[in-house]
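Quick note, the sequences are listed as chains A and B, same order. Everything in the first sequence is counted per the UniProt record's numbering, starting at 1 for the first residue and increasing by one. Everything in the second sequence is counted per the UniProt record's numbering, starting at 1 for the first residue and increasing by one. All C-beta atoms, glycine included, are put in the ideal place defined by N, C-alpha and C. Working notes for the structure below.
Number of protein chains: 2
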Amino acid sequence: MDRPPADPYQRDCPSRQVLDRIGDRWTVLVVGALSDGPLRFSQLAARIDGVSQKMLTQTLRALERDGLVTRTIYPQVPPRVEYELTEAGVTLQEPLQALENWAKTHMPTILTARQQYDAALPAVNTP
Amino acid sequence: MDRPPADPYQRDCPSRQVLDRIGDRWTVLVVGALSDGPLRFSQLAARIDGVSQKMLTQTLRALERDGLVTRTIYPQVPPRVEYELTEAGVTLQEPLQALENWAKTHMPTILTARQQYDAALPAVNTP
DNA sequence: CGGTATCCCGTCCGATACTG
DNA sequence: CAGTATCGGACGGGATACCG
């Protein structure tokens with residue numbers, strides 16, 4: 001194989017860019033929300049609590065650009081736009097699901113660890 | 001079970017915080033770098049290309065706070081500090097590995113999709 | 001060696017207003 | 001309904017300097 005090794009530990013490795021995409025807050029949630037089937041823009045917005053219209057649009061555009069989501073416009077009045085995971089998007093959904101499950105499973109442990117860590121700190125800001 | 005459902009789609013769900021931690025650029029890489037065994041601070045810095053001292057410290061502190069990494073100081077001159085994944089940290093390493101593999105596998109496809117998407121755009125900034 | 005403290009700039013992102 | 005455009009505050013994160 002003559003392709004350069006995909007080593008994310010190197011600054012300029014393209015897989016860094018991929019990880020950066022995953023890195024943003026909303027990508028994981030959007031992909032998760034679409035895992036049950038296509039949804040309209042407004043349905044996504046309703047399902048994902050706290051996302052702004054701007055961020056939802058931005059995230060969806062990025063996913064579309066990466067070929068992970070398709071955007072279908074139904075020429076009606078009022079317009080209807082549906083988003084759906086592509087084949088590649090579905091494959092992403094699997095590792096993300098694993099991550100989400102890990103988060104759900106270990107969340108209590110982590111929260112406890114945080115409290116202990118914070119409790120052991122010198123009491124700053126307590127005059 | 002009387003614990004509230006861990007639904008990341010709700011704004012105030014604690015698992016959002018967990019996903020946010022994963023979300024930062026360096027956590028994934030640090031955990032990956034530690035998967036082969038404990039490393040010193042300088043070794044981590046050398047291994048992860050592009051990370052600043054500040055960010056490495058910050059990431060390690062966050063991981064330590066969450067109980068995913070232990071920090072061991074060997075009282076010597078000059079000092080030596082080693083970081084190692086905890087049991088919980090090792091369990092995280094697994095889903096992250098899956099994500100990293102996904103990134104490596106689908107990176108070429110994504111890069112191609114991006115080029116096509118960008119090429120299809122109206123030529124902005126070309127007066 | 002392994003940090004902490006400070007400065008400072010870029011970007012993220014929410015709020016708001018407007019359009020097809 | 002599903003966006004785009006613009007503004008502005010918050011914050012991430014790099015560079016630098018200094019400490020135990």
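Next on the checklist: By the three-class DSSP mapping on this structure, what secondary structure does Ile-73 (chain B) have?
Outcome noted: If DSSP states are grouped into helix, strand and coil, Ile-73 (chain B) belongs with the strands.
Checklist entry - Enumerated in chain order, which unbroken segments of the beta strand (DSSP E) with a length of 3 residues or greater are wholly contained in the UniProt domain "HTH hxlR-type" (13-111) of chain A? => result If we require 3 residues or more, the beta strand (DSSP E) runs fully inside the UniProt domain "HTH hxlR-type" (13-111) of chain A come out as 69-74, 80-85.
Checklist entry - So which residues on chain A does Gln-10 (chain B) lean against when the C-beta distance must stay under 7 angstroms? => result Asp-49, listed in chain order.
Next on the checklist: So Ala-120 (chain A) contacts chain B; which residues on that side make the cut at Cβ distance below 9 angstroms?
Outcome noted: Near Ala-120 (chain A) there are no residues of chain B at all, since even the closest Cβ is about 10 angstroms away, more than 9 angstroms.
Checklist entry - Which residues in chain A sit within 7 angstroms of Asp-36 (chain B), going by Cβ to Cβ distance? => result What Asp-36 (chain B) touches in chain A: nothing, since even the nearest Cβ is about 12 angstroms away.
Next on the checklist: I need the straight-line Cα distance from Asn-125 (chain B) to Asp-118 (chain B), nearest angstrom please.
Outcome noted: Confidence at Asn-125 (chain B) is low in this model, with a pLDDT of 42, below 50, so its placement is unreliable and the value that follows should be read with caution. Taking the straight line from one Cα to the other gives about 13 angstroms.
Item to check | Beta carbon proximity, Thr-109 (chain B) to chain A, threshold 9 angstroms | outcome: With 9 angstroms as the cut-off, Thr-109 (chain B) counts as an interface residue toward chain A.
Item to check | Helix, strand or coil at Ala-120 (chain A) according to DSSP, with G and I counted as helix | outcome: Looking at Ala-120 (chain A) - three-state DSSP - the assignment turns out to be coil, as it is neither helix nor strand.
Checklist entry - Are Gly-67 (chain A) and Gly-89 (chain A) touching if we call contact CB-CB under 9 angstroms? => result In this structure, Gly-67 (chain A) lies near Gly-89 (chain A), with their beta-carbon atoms less than 9 angstroms apart.
Checklist entry - Given a threshold of 16 other Cβ atoms within 10 Å of its Cβ, counted over all protein chains shown, does Thr-72 (chain B) qualify as buried or as exposed? => result It counts as exposed.
Item to check | Contacts that Ser-15 (chain B) makes with chain A (C-beta to C-beta distance below 8 angstroms) | outcome: Neighbours of Ser-15 (chain B) in chain A, taken as residues whose beta carbon is under 8 angstroms from its own, are Glu-100, Ala-103, Lys-104, Met-107 in chain order.
Checklist entry - Between B:Thr-59, B:Thr-70, B:Arg-61, B:Thr-27, which lies nearest to Pro-95 (chain B) when the distance is taken from Cα to Cα? => result Among B:Thr-59, B:Thr-70, B:Arg-61, B:Thr-27, the Cα nearest to that of Pro-95 (chain B) is on B:Thr-27.
Checklist entry - Whose C-alpha, out of B:Arg-11, B:Met-107, B:Gly-37, is nearest the C-alpha of Thr-70 (chain B)? => result From the listed residues B:Arg-11, B:Met-107, B:Gly-37, the smallest Cα separation to Thr-70 (chain B) is found for B:Gly-37.
Checklist entry - Taking the alpha-carbon positions, what's the Val-77 (chain B) to Phe-41 (chain B) distance? => result Looking at the two C-alpha atoms, the distance is approximately 15 angstroms.
Checklist entry - Between the C-alpha atoms of Val-81 (chain B) and Glu-100 (chain A), what's the straight-line distance to the nearest angstrom? => result CA-CA distance, Val-81 (chain B) to Glu-100 (chain A), rounds to 32 angstroms.
Checklist entry - So, are the CB atoms of Ser-35 (chain A) and Gln-97 (chain A) less than 9 angstroms apart? => result Yes. Within cutoff.
Item to check | Leu-60 (chain B) and Val-18 (chain B) closer than 9 angstroms at C-beta | outcome: It is not a contact, given that the beta carbons lie outside the stated cut-off.
Checklist entry - Which value, in whole angstroms, describes the spacing of the CA atoms of Ala-103 (chain A) and Ile-22 (chain A)? => result Taken atom to atom, the span from the alpha-carbon of Ala-103 (chain A) to that of Ile-22 (chain A) is near 15 angstroms.
Checklist entry - Taking just the CA atoms, how far does Tyr-74 (chain B) sit from Asp-49 (chain A)? => result In this structure, the CA atom of Asp-49 (chain A) is about 46 angstroms from the CA atom of Tyr-74 (chain B).
Item to check | Reduced DSSP category for Arg-114 (chain A) - H, G, I as helix; E, B as strand; rest coil | outcome: Of the three classes helix, strand and coil, the one that applies to Arg-114 (chain A) here is helix, per DSSP.
Checklist entry - Looking only at its own chain, which residues have a Cβ that is under 6 angstroms from the Cβ of Pro-108 (chain B), when we skip the five neighbours before and after it? => result There are no such residues.
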